Structure formats: C-alpha cells, structure tokens
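Residue numbers (full-length UniProt numbering), protein chains in the order written: chain C, 1 to 191; chain L, 1 to 406.
Contents: one structure, followed by commentary.
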C-alpha cells in the first residue's frame with residue numbers, strides 16, 4: 001500500500017511510540033477507582049432523586065385526560081399537562097421562541113393546581129407562592145408553543161394501572177428541587 | 001496466518017518439497033494452540049441460569065424494595081467487572097473482555113433504571129455522559145478495541161438522546177469523544193476502530209448541524225477535519241479507514257447534487273455565507289495538504305475534488321453537468337491511483353464509483369428525451385461495456401505485476 005510521493009522524497013514517517021500496556025499493579029489500582037466511581041455515580045443519582053423528593057418544593061399539576069389503553073402498550077403513560085401547550089402571549093423574551101430552546105415557566109396556584117403565568121428564556125424571580133419549572137420548547141406556531149418538561153413519562157406502579165379504567169384527567173404531584181431538577185412524586189386520578 | 005491453515009496445507013507443502021518436515025514443525029511451533037477455551041456446555045448452562053435469574057428479577061422489578069433494586073444493579077455491575085478481570089487474568093481474554101463490556105452495559109442500565117426508579121427521566125445530561133466517560137476510562141485501561149468501539153457507540157447514543165429528547169447538544173460529549181478516543185487511536189492506530197470512530201463523529205456532527213439549524217453544507221467542515229486527521233496518521237491503512245466515512249458522505253452529497261442540483265430550489269438551501277464557508281474549508285484543506293505532504297501522500301489530494309463548492313453556482317443544468325464532470329474526475333483519479341499502486345481492492349472501489357457515476361450521468365442526461373425501452377437498453381449496454389473494459393484494464397495491470405502467474 002505504498003503511494004508515490006508527488007514532489008518530495010517521503011520523510012521517514014514519525015510513528016508515535018505505540019501505547020504500552022499498563023503495568024499490572026497500576027492496572028489493578030485504576031480499575032478499582034473506575035469501578036468505585038461507577039458505583040458512586042449510580043448511588044449519587046439515587047441520592048439526587050431521593051433529595052429532590054425530600055427537599056423540593058411540591059406543586060400539583062393537571063393533565064389532559066389519559067387513555068387507559070396507553071397502559072397496554074408499556075409500563076408507562078404519556079402525560080400531557082395543562083401547561084404543556086401555552087398561548088404565545090405568555091412568552092417574555094427579547095427574541096421570539098425557537099424550537100429546542102430552554103424555557104422557564106412561572107407557575108401560580110389556581111383552584112387546586114398550578115397554572116402558567118409566564119414563560120421566560122432566563123430564570124425569572126419568584127414570589128413566595130410561585131414556582132419555576134424548566135422545560136424546552138418543542139414547537140412554535142403563531143398563537144402558542146408546546147413545551148416539554150421531562151415529566152411526560154410516568155412509570156406506573158401496578159396498582160395504579162388498575163385504577164385508571166376510563167378516560168380521565170390526572171393530578172400529578174411534582175417536586176422541584178432548589179437546583180432546578182424536578183420529578184414526579186405521586187399521581188392521582190382527578191376528582 | 002492461522003495454525004489451522006498450516007495444519008491442513010502443511011503436509012502438502014512438504015510433499016511438494018517446498019518445506020521440509022522439520023521446517024513444518026518449526027512453523028507450527030510459532031503458532032501455539034490457544035489457551036484452553038471454556039467448554040461450551042458449562043458456558044451455555046451458566047448462560048441459562050443467568051437468564052432465568054434475569055427474568056425472575058425483571059418480572060418482580062416493580063415489587064422489589066428500592067434498596068434491594070439498587071443493590072441488585074450495583075451487585076451485578078461489580079460482579080461483571082470482577083468476573084471479567086478474573087477470566088482475563090487466567091488467560092481467557094475473550095471471555096474476560098466480554099464480561100468487562102457487559103459491566104459497561106450494566107453501568108448504563110443502572111443509570112437508566114435508577115433514574116426510572118425516582119421518575120427522573122428529565123433533562124439530566126450528566127447521567128448519560130458519565131456512561132461515555134466510564135467507557136473511555138475502560139478503553140484506556142484495557143487498551144481494547146471492543147471497548148473503544150462501544151465507547152464510540154455510547155457517545156453516539158448519548159448525543160442522539162440529548163438532541164432528540166432534551167433539545168440540547170452536548171459539546172462536552174462531542175469534544176470528549178473526539179479528543180479522548182482520537183488521541184487513543186492516534187497512539188494505537190487500527191483500521192476498524194478508525195472507521196467506527198469516524199462514523200461516530202460524523203453522526204455527532206450531523207446532529208450538531210441539525211440542532212443549530214444551519215445549512216447542511218457546514219457538515220463538511222467537521223467531516224473534512226476528521227479526514228485531515230487521517231492524513232496525519234503515520235499508519236496508512238488506519239488513516240485510510242478514518243478517511244472512508246467522510247469521503248463516502250462527500251461522494252453521496254456530490255451525487256445528490258448531480259441528480260437534483262439543477263433545481264435552484266434545492267441548491268438555494270445549500271449555500272452558507274461564501275467567505276465564512278470558503279475560509280473554514282480552506283483552513284481544513286491546508287491542514288489536510290500539510291499532513292499529506294508530511295507523510296508523502298500528496299497524490300491523494302484528488303479526494304478534495306469532491307469538496308468543490310459547486311452549489312454556489314446558479315447554473316441549472318450546467319451545474320449538474322459540471323458536478324458530473326467532477327464526479328468523473330474523482331472516480332477516474334481513484335482508478336488511476338489504484339492502478340498505479342496496483343491495489344486490487346481500490347481498483348474494485350474505483351470501478352464501482354466510475355460505474356455509479358456513469359449510471360447517474362446517463363439517467364440525468366437522457367431520461368427526459370429518450371424512449372424508455374431504448375433508454376434501458378442503451379444504458380445496460382453502456383454499463384456492461386464499461387465494466388468489461390475496466391475489468392480488462394484491471395486484469396492487465398495485475399498481470400503486469402506478476403508476469404510469472406499469467
């Protein structure tokens with residue numbers, strides 16, 4: 001596989017020294033660190049999940065009716081919140097919203113659940129009774145936008161699956177940690 | 001050469017007097033039999049036991065207490081690594097590396113399942129990035145091509161998830177994959193790993209272009225940067241493997257331009273700001289040419305023909321024809337170089353490229369104004385004739401090379 005040089009005589013290629021294998025003691029030490037780091041990371045994810053539930057601000061969100069047949073297809077339901085689609089006039093930003101842009105939704109309690117009062121491109125200041133949920137813009141049209149919060153998938157515990165028999169709305173309790181992470185804590189059928 | 005080959009053909013060579021019986025034995029001694037592999041039956045047995053345990057856990061996953069679930073995940077993770085290390089040390093490298101790879105897969109599964117446990121399927125970029133980091137660490141630790149390829153794939157999955165589900169491009173993941181694996185490949189060049197790495201990086205580049213909503217032609221700036229990296233690699237086969245995917249992308253793009261380029265509606269979508277694009281491309285070209293010169297491979301500069309930015313011209317049919325000329329020049333240059341190097345694989349490649357180009361040109365230039373049956377008849381004759389001629393030419397070249405044989 002040698003090619004003829006066009007002009008210059010080929011300089012002898014400077015082959016970098018091939019990477020040697022690690023010495024066994026070094027190898028063992030590094031492997032221990034690497035496996036320990038992986039275990040710690042998984043524990044960290046668990047701890048963050050637990051802490052988000054324990055330390056976070058708890059709010060209730062309302063969903064559009066959920067089709068119980070969804071449950072036949074898998075172990076989770078797709079949740080469509082009342083705040084998943086918002087009218088465009090709620091947008092407060094210097095520029096028009098773009099798809100896949102981050103968006104911060106300011107929420108306020110309205111008869112039993114939290115509803116959006118504004119959508120911002122930067123994290124807004126809050127009053128004591130307000131909450132901010134981070135999402136991303138999925139779709140923009142003339143009169144509104146669709147947002148995604150990462151809370152759209154709920155892995156349904158088995159007993160809950162039996163409870164959803166007919167098409168109905170759900171009330172979802174979400175916990176928002178001070179560092180912005182959010183997770184579903186509880187899901188009930190709406191009265 | 002494998003031992004099996006020696007064992008079957010060796011006696012024949014002795015009979016023909018090519019080697020003596022002693023030499024045959026000496027040769028055989030050079031290829032010792034592999035360390036005794038694990039028997040197949042115990043392996044299958046343990047596989048079945050493992051499968052039953054897995055299905056038992058999976059069926060009752062929801063019912064298990066959270067802590068037990070976590071312990072099961074982490075236990076199997078550590079178990080896979082420990083078993084892998086054990087077998088590797090006993091000389092059973094393949095099984096050992098397989099188990100280490102399983103450990104890496106289990107790490108990813110642990111992250112996903114733990115997030116699911118706490119309904120944390122949110123916008124957690126770090127979770128999956130950690131998976132890629134672990135893959136990279138193991139690759140460097142074991143110097144293993146298997147883990148290298150897995151890390152490329154994991155990087156691609158992480159990036160796909162980021163852009164698709166979370167609506168963000170993780171520059172960290174991209175830089176991490178490119179630098180960490182790129183440097184590893186630089187120090188331990190390998191053809192397969194090079195091709196896979198290039199394909200993985202192209203995938204991430206495509207996701208970035210799509211994410212940024214910029215003209216798709218920008219894709220070729222990172223793509224050709226990968227190509228230029230291959231130019232600098234002293235190990236030629238590995239460098240070529242790295243250059244394969246970018247070249248395939250550029251060829252397909254040029255082919256598309258030849259087919260659809262005459263409609264300005266399409267080409268209008270392809271024009272980035274002229275100076276910025278040409279400046280960036282020129283920079284990459286300089287890096288590539290420097291690398292080629294350094295390694296004495298300037299003849300391969302013809303690859304850059306495919307990157308001629310023809311889409312800036314609003315020529316209509318003339319643009320399509322000009323693109324066809326470029327395609328012919330490129331595939332012709334591949335053929336020419338292949339004959340010069342007397343490399344049969346590349347002759348085949350050049351032949352295929354040449355024939356594809358001819359097919360496109362024929363389709364493009366005659367479909368509109370020729371009776372359909374005549375179109376297919378003449379097209380078939382043209383391609384058959386061309387392939388016959390190119391094949392003859394190739395045979396001729398290789399006959400020159402080994403006159404004793406023909």
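Think of the CB as a built atom: it goes at the ideal place given N, C-alpha and C, for glycine as much as any other residue.
As the structure is a prediction and not an experimental result, all values here were calculated from the model.
Cα separation between residue i and residue j?
i: residue 278 (chain L); j: residue 307 (chain L); result: 11 Å
i: residue 105 (chain L); j: residue 111 (chain C); result: 46 Å
i: residue 412 (chain L); j: residue 140 (chain L); result: Limits of chain L in this structure are 1 at one end and 406 at the other, which puts residue 412 (chain L) out of reach.
i: residue 397 (chain L); j: residue 262 (chain L); result: 38 Å
i: residue 337 (chain L); j: residue 242 (chain L); result: 19 Å
i: residue 23 (chain L); j: residue 29 (chain L); result: 10 Å
i: residue 329 (chain L); j: residue 360 (chain L); result: 14 Å
i: residue 52 (chain C); j: residue 60 (chain C); result: 15 Å
i: residue 178 (chain C); j: residue 135 (chain C); result: 15 Å
i: residue 186 (chain L); j: residue 292 (chain L); result: 16 Å
i: residue 20 (chain L); j: residue 237 (chain L); result: 35 Å
i: residue 300 (chain L); j: residue 60 (chain L); result: 60 Å
i: residue 146 (chain L); j: residue 98 (chain L); result: 9 Å
i: residue 381 (chain L); j: residue 69 (chain C); result: 58 Å
i: residue 123 (chain L); j: residue 185 (chain C); result: In this prediction, residue 123 (chain L) scores a pLDDT of 49, lower than 50, which makes its location untrustworthy; the coordinate-derived value is nonetheless stated afterwards. C-alpha separation (whole angstroms): 17 Å.
i: residue 347 (chain L); j: residue 355 (chain L); result: 12 Å
i: residue 386 (chain L); j: residue 377 (chain L); result: 14 Å
i: residue 218 (chain L); j: residue 318 (chain L); result: 24 Å
i: residue 11 (chain L); j: residue 3 (chain L); result: 13 Å
i: residue 357 (chain L); j: residue 283 (chain L); result: 29 Å
Who are the neighbours of residue i on chain L, taking C-beta pairs under 9 Å?
i: residue 136 (chain C); result: 123, 166, 167 and 168
i: residue 23 (chain C); result: Neighbours of residue 23 (chain C) on chain L: none; closest Cβ ~12 Å, over 9 Å.
i: residue 119 (chain C); result: Those do not exist, as residue 119 (chain C) stays about 15 Å from chain L at its closest Cβ, beyond 9 Å.
Using a threshold of 8 Å, state whether the C-beta atoms of residue i and residue j are closer than that.
i: residue 103 (chain L); j: residue 86 (chain L); result: no
i: residue 42 (chain C); j: residue 73 (chain L); result: yes
i: residue 84 (chain C); j: residue 146 (chain C); result: yes
i: residue 132 (chain L); j: residue 114 (chain L); result: no
i: residue 88 (chain C); j: residue 143 (chain C); result: yes
i: residue 159 (chain L); j: residue 116 (chain L); result: no
i: residue 38 (chain C); j: residue 77 (chain L); result: yes
i: residue 180 (chain L); j: residue 136 (chain L); result: yes
i: residue 327 (chain L); j: residue 351 (chain L); result: no
i: residue 54 (chain C); j: residue 133 (chain C); result: no
i: residue 167 (chain C); j: residue 65 (chain C); result: yes
i: residue 119 (chain L); j: residue 155 (chain C); result: yes
i: residue 169 (chain L); j: residue 129 (chain L); result: no
i: residue 130 (chain C); j: residue 106 (chain C); result: yes
i: residue 270 (chain L); j: residue 216 (chain L); result: yes
i: residue 104 (chain C); j: residue 128 (chain C); result: no
Whose Cβ in chain L lies nearer than 7 Å to the Cβ of residue i?
i: residue 155 (chain C); result: 116 and 119
i: residue 30 (chain C); result: 141
i: residue 19 (chain C); result: 143, 187 and 188
For residue i, which of the options has the nearest alpha-carbon?
i: residue 171 (chain C); options: C:42, C:151 and C:179; result: C:151
i: residue 121 (chain C); options: C:130, C:98 and C:108; result: C:98
i: residue 81 (chain C); options: C:177, C:91, C:173 and C:179; result: C:173
i: residue 303 (chain L); options: L:314, L:238, L:374 and L:230; result: L:230
i: residue 93 (chain L); options: L:129, L:382, L:142 and L:67; result: L:142
i: residue 286 (chain L); options: L:90, L:232 and L:335; result: L:232
i: residue 101 (chain C); options: C:119, C:29, C:127 and C:153; result: C:119
i: residue 140 (chain C); options: C:91, C:116, C:56 and C:45; result: C:91
i: residue 109 (chain L); options: L:134, L:95 and L:88; result: L:134
i: residue 324 (chain L); options: L:272, L:385 and L:257; result: L:257
i: residue 190 (chain L); options: L:149, L:91, L:371 and L:95; result: L:149
i: residue 228 (chain L); options: L:55, L:295, L:138 and L:213; result: L:295
Identify the contact partners of residue i in chain C, using a Cβ-Cβ distance below 8 Å as the criterion.
i: residue 211 (chain L); result: 100
i: residue 398 (chain L); result: Near residue 398 (chain L) there are no residues of chain C at all, since even the closest Cβ is about 15 Å away, more than 8 Å.
i: residue 111 (chain L); result: 41, 42 and 45
Kindly identify the DSSP beta-bridge partner or partners of residue i.
i: residue 154 (chain C); result: C:77
i: residue 254 (chain L); result: Bridge partners of residue 254 (chain L): none, in fact.
i: residue 186 (chain C); result: C:173
i: residue 135 (chain C); result: C:103
i: residue 23 (chain L); result: Paired residues: none, contrary to the question.
i: residue 92 (chain C); result: C:120
i: residue 63 (chain C); result: C:81
Against residue i, what residues of chain C qualify as contacts under a CB-to-CB distance less than 7 Å, listed in chain order?
i: residue 90 (chain L); result: Those do not exist, as residue 90 (chain L) stays about 14 Å from chain C at its closest Cβ, beyond 7 Å.
i: residue 70 (chain L); result: 46
i: residue 5 (chain L); result: Within chain C, no residue comes near residue 5 (chain L); the closest Cβ sits about 23 Å away, beyond 7 Å.
Please list, in chain order, the chain L residues whose beta carbon lies closer than 8 Å to that of residue i.
i: residue 226 (chain C); result: In this structure chain C extends from 1 to 191, so residue 226 (chain C) is not present and cannot be described.
i: residue 184 (chain C); result: 119
Chain C partners of residue i, CB-CB under 9 Å?
i: residue 81 (chain L); result: 31, 34, 35 and 38
i: residue 54 (chain L); result: The premise fails here: residue 54 (chain L) is roughly 17 Å from chain C at the closest Cβ pair, so nothing lies under 9 Å.
Could you tell me whether any non-hydrogen atom of the ligand SAH is closer than 7 Å to the CB of residue i?
i: residue 383 (chain L); result: Absence of the ligand SAH from the depicted structure is noted, as is the absence of any ligand whatsoever, leaving it without description.
Item to complete: Compile a chain-ordered list of the residues in the segment 52–66 of chain C whose CB is closer than 8 Å to at least one CB of chain A.
Response: The chain labelled as chain A is not found among the protein chains of the depicted structure, namely C and L.
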